[in-house]
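Participant: Numbering (the working numbering), first residue to last: 42 to 190.
Dropping the structure in here first, questions after.
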């Protein structure tokens, strides 16, 4: 959740993510912080490089959790929840990463420790996850999954 707040603040997003507005903000931030804008000896050159990297990561992240992106991928996601099971999962800092039997990996944000413990201890983890996590928590296709595609 901290990452979401950080990136929304960077892009001045206060509520729902509008892809067109996000793209405009991204372009203006890239123009402002592009590393080629500064000479190598300039003290701002390193800062610009870091900021540029953060802007790109933030843009990719916010696009992946945008309502329009989720809507475009809803058929595929529903198919996964209807036909696949859980192969592996990992939880850290309220982010649950789940790998499904078809090879897809998704990240679920805001999964508290008590909820994670209930998930781990559930008799039928997939069923519990589907009722309490997969359909209620903010999610995105994992970057790890996108790199292997």
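Even for Gly, the Cβ is constructed at its ideal location relative to N, Cα and C.
Drop a sphere of 10 angstroms on the beta-carbon of residue 181, count the other beta-carbons inside from all chains shown, and report buried for 16 or more, exposed for fewer.
Facilitator: In the chain shown, residue 181 corresponds to position 140, counting from 1. The residue is buried, with at least 16 neighbouring Cβ atoms inside 10 Å.
Participant: With distance defined between alpha-carbon atoms, name the residue in 73, 57, 145 nearest to residue 125.
Facilitator: Residue mapping note: residue 125 aligns to position 84 of the chain shown, counting from 1. Out of 73, 57, 145, 145 has the C-alpha closest to the C-alpha of residue 125.
Participant: For a test of the three-state rule: what should DSSP assign to residue 113, helix, strand or coil?
Facilitator: Working through the chain shown from its first residue, we reach residue 113 at position 72. It is helical.
Participant: Please list the segments of the beta strand (DSSP E) lying wholly inside the segment 85-171, counting only runs of 3 or more residues, in order along the chain.
Facilitator: With a minimum length of 3 residues, the continuous beta strand (DSSP E) runs that stay inside the segment 85-171 are 127-133, 136-141, 146-150.
Participant: Assuming residue 167 and residue 127 make a contact with CB atoms under 8 angstroms, what is their CB distance in whole Å?
Facilitator: Residue mapping note: residue 167 aligns to position 126 of the chain shown, counting from 1. Residue mapping note: residue 127 aligns to position 86 of the chain shown, counting from 1. Confirmed, Cβ separation roughly 5 angstroms.
Participant: Do the segment 48-58 and the segment 77-85 meet, that is, are 3 or more Cβ pairs less than 8 angstroms apart?
Facilitator: No contact exists between the segment 48-58 and the segment 77-85.
Participant: If you draw a straight line from the alpha carbon of residue 177 to that of residue 98, how long is it in whole angstroms?
Facilitator: Working through the chain shown from its first residue, we reach residue 177 at position 136. Working through the chain shown from its first residue, we reach residue 98 at position 57. Each residue's Cα considered, the two are about 25 angstroms apart.
Participant: To which residues of the same chain is residue 171 closer than 7 angstroms at the C-beta, ignoring the five residues directly before and after it?
Facilitator: Position 130 of the chain shown, counted from the first residue, corresponds to residue 171. The answer, listed in chain order, is 122.
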